[in-house]
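To start, the structure itself, in structure tokens.
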Amino acid sequence: MKNLHIGLLPRILIAIVLGVIFGNFFPALLVRIFVTFNGIFSEFLNFIIPLIIVGLVTPAIFEIGNRAGKMLVITAVIAYVATLISGFLAYFTGVTIFPRIIESNVAIETISQAQGVTPFFSVGIPPLMNVMTALVLSFTLGLGLAGLSSDALKRVALDFKEIIVRTIEVVILPLLPFYIFGIFLNMTHSGQVYSVLLVFVKIIGIIFLLHIFLLIFQYSVAGMVVKRNPFKLLYKMLPAYFTALGTQSSAATIPVTLEQTKKNGVSENIAGFVIPLCATIHLSGSTLKIVSCALALMIMQGMSYDFQLFAGFIFMLGITMVAAPGVPGGAIMAALGILNSMLGFDDSAQALMIALYIAMDSFGTACNVTGDGAIALIMDKIMNKTPLKRI
Numbered sequence: 016m017k018n019l020h021i022g023l024l025p026r027i028l029i030a031i032v033l034g035v036i037f038g039n040f041f042p043a044l045l046v047r048i049f050v051t052f053n054g055i056f057s058e059f060l061n062f063i064i065p066l067i068i069v070g071l072v073t074p075a076i077f078e079i080g081n082r083a084g085k086m087l088v089i090t091a092v093i094a095y096v097a098t099l100i101s102g103f104l105a106y107f108t109g110v111t112i113f114p115r116i117i118e119s120n121v122a123i124e125t126i127s128q129a130q131g132v133t134p135f136f137s138v139g140i141p142p143l144m145n146v147m148t149a150l151v152l153s154f155t156l157g158l159g160l161a162g163l164s165s166d167a168l169k170r171v172a173l174d175f176k177e178i179i180v181r182t183i184e185v186v187i188l189p190l191l192p193f194y195i196f197g198i199f200l201n202m203t204h205s206g207q208v209y210s211v212l213l214v215f216v217k218i219i220g221i222i223f224l225l226h227i228f229l230l231i232f233q234y235s236v237a238g239m240v241v242k243r244n245p246f247k248l249l250y251k252m253l254p255a256y257f258t259a260l261g262t263q264s265s266a267a268t269i270p271v272t273l274e275q276t277k278k279n280g281v282s283e284n285i286a287g288f289v290i291p292l293c294a295t296i297h298l299s300g301s302t303l304k305i306v307s308c309a310l311a312l313m314i315m316q317g318m319s320y321d322f323q324l325f326a327g328f329i330f331m332l333g334i335t336m337v338a339a340p341g342v343p344g345g346a347i348m349a350a351l352g353i354l355n356s357m358l359g360f361d362d363s364a365q366a367l368m369i370a371l372y373i374a375m376d377s378f379g380t381a382c383n384v385t386g387d388g389a390i391a392l393i394m395d396k397i398m399n400k401t402p403l404k405r406i
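For this note's numbering, add 15 to where a residue sits in the sequence shown, where the first one is 1.
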């Protein structure tokens with residue numbers, strides 16, 4: 016039993032199911048206990064989000080800067096463009112389909128105060144800075160450290176990154192199922208849960224189809240560039256896809272992605288550079304999920320939105336995704352800040368975003384790593400199989 020390990024996704028699903036079941040008969044006193052916990056955990060999340068941005072974005076920027084070169088710049092541009100395409104694909108699909116299948120009658124902001132259930136007490140934990148300040152500070156520090164010859168501050172930044180990653184792994188992710196349980200317990204207690212779960216099922220189905228379409232599109236573009244059959248290229252990447260479904264981590268899937276990319280004819284030096292890099296900076300599948308879920312929740316709440324709002328959000332999200340750590344759910348943690356600052360998501364909406372995102376985490380990661388192979392094919396053609404220079 017000591018070796019029994021339940022992954023994050025099963026724990027989240029168990030939390031949702033138990034929240035729905037217990038919410039039907041738990042007395043208000045017990046619901047109030049979880050409302051109190053959720054209030055404290057929400058305050059902690061608001062406090063830690065700017066630190067997550069500083070801790071993860073800063074090292075990502077100066078580590079990329081330290082490897083500056085022609086191949087890096089081209090790979091980063093292609094990965095960013097691919098991320099933007101997935102974001103806008105999600106937006107335009109969502110505005111076409113979601114209003115027809117989602118009813119705008121669920122006031123998520125009332126969940127935390129459902130039927131007069133209030134916390135026993137609250138603990139205010141104000142953040143050290145707002146999200147935009149954290150982003151600007153991260154880029155300033157990252158670009159500055161990239162130009163320094165001294166490693167002292169870089170080691171400090173890397174140590175701080177380690178603290179943030181451990182906080183996510185040891186504190187946030189283990190407590191997340193209890194947070195989700197409290198949200199669904201309260202929703203069931205207030206009679207709102209079934210309409211929300213119906214929306215969940217519809218969104219998950221559409222996003223899964225969008226992932227498949229996105230991969231076909233990416234390999235169609237790569238196939239045109241290298242003048243090969245895109246479906247054969249995509250078929251050879253299936254081992255990486257299914258490995259990512261199990262690991263839920265782009266970093267853990269790198270060996271398989273690398274091997275299958277080389278089987279597609281990409282030279283070893285190009286694949287060895289592009290695949291590990293894209294595991295960090297190319298998250299088109301994650302971006303597609305976040306944009307789709309955010310739009311769906313805004314429609315469900317009756318919040319106002321337009322193309323200009325989401326265009327700015329998608330461009331900023333593409334940059335923020337660079338900070339996503341190699342842990343399950345890392346991308347949504349990095350994105351919480353701009354969900355709040357740019358789209359106006361409150362604590363309850365953020366909790367539902369986390370639940371929706373992690374429910375599809377495996378598929379998003381699989382889409383990310385499989386798409387890395389398409390970028391490697393394009394890079395191999397662009398670089399004309401020129402041996403990678405040491406930089």
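Every residue gets a Cβ at the ideal spot worked out from N, C-alpha and C, and that includes glycine.
Burial state of residue i (16 or more Cβ within 10 Å)
{"i": "G317", "result": "exposed"}
{"i": "V384", "result": "buried"}
{"i": "D395", "result": "buried"}
{"i": "Y449", "result": "With the chain covering only 16 through 406, there is no way to say anything about residue 449."}
{"i": "M252", "result": "buried"}
{"i": "F322", "result": "exposed"}
{"i": "L273", "result": "buried"}
{"i": "D362", "result": "buried"}
{"i": "T98", "result": "buried"}
{"i": "D387", "result": "buried"}
{"i": "F228", "result": "exposed"}
{"i": "T108", "result": "buried"}
{"i": "P25", "result": "exposed"}
{"i": "C376", "result": "In the sequence under discussion, the amino acid at residue 376 is Asp, which differs from the Cys named in the question. Classification for D376: buried."}
{"i": "T372", "result": "The residue you asked about is not Thr; residue 372 is Tyr in the sequence shown. Counting Cβ neighbours within 10 Å, Y372 comes out buried, since at least 16 surround it."}
{"i": "A43", "result": "exposed"}
{"i": "I93", "result": "buried"}
{"i": "K85", "result": "exposed"}
{"i": "P141", "result": "exposed"}
{"i": "T111", "result": "exposed"}
{"i": "S301", "result": "buried"}
{"i": "F325", "result": "buried"}
Boundaries of the alpha helix (DSSP H) in which residue i is found, first to last residue
{"i": "L367", "result": "D362 to A374"}
{"i": "M315", "result": "S299 to Q316"}
{"i": "V289", "result": "E283 to I296"}
{"i": "T268", "result": "From DSSP, T268 is part of no alpha helix (DSSP H); its letter is neither H nor E."}
{"i": "Y250", "result": "P245 to K251"}
{"i": "F136", "result": "Here F136 belongs to no alpha helix (DSSP H), and DSSP marks it neither H nor E."}
Close beta carbons around residue i, own chain, < 7 Å, minus the five adjacent residues each side
{"i": "N39", "result": "T203"}
{"i": "T268", "result": "A255, T258, A259, T262 and V384"}
{"i": "V69", "result": "A149, L152 and S153"}
{"i": "V281", "result": "A391, L392 and D395"}
Own chain, CB closer than 6 Å to residue i, minus 5 neighbours either side, in chain order
{"i": "S235", "result": "P245"}
{"i": "T295", "result": "none"}
{"i": "K169", "result": "L160"}
{"i": "Y95", "result": "G333"}
Chain-order list of residues whose beta-carbon lies under 8 Å from that of residue i (same chain, five-residue window excluded)
{"i": "N145", "result": "P65 and S356"}
Quick one: which unbroken alpha helix (DSSP H) runs of 4-plus residues sit fully inside the stretch 20-88? Chain order, please.
23-37 and 43-81
Alpha helix (DSSP H) runs wholly inside the stretch 142-209, at least 4 long, in chain order:
Correct list: 146-161, 167-182 and 188-205.
Under 8 Å: do the stretch 145-157 and the stretch 60-75 share three or more Cβ pairs, one atom per stretch?
yes
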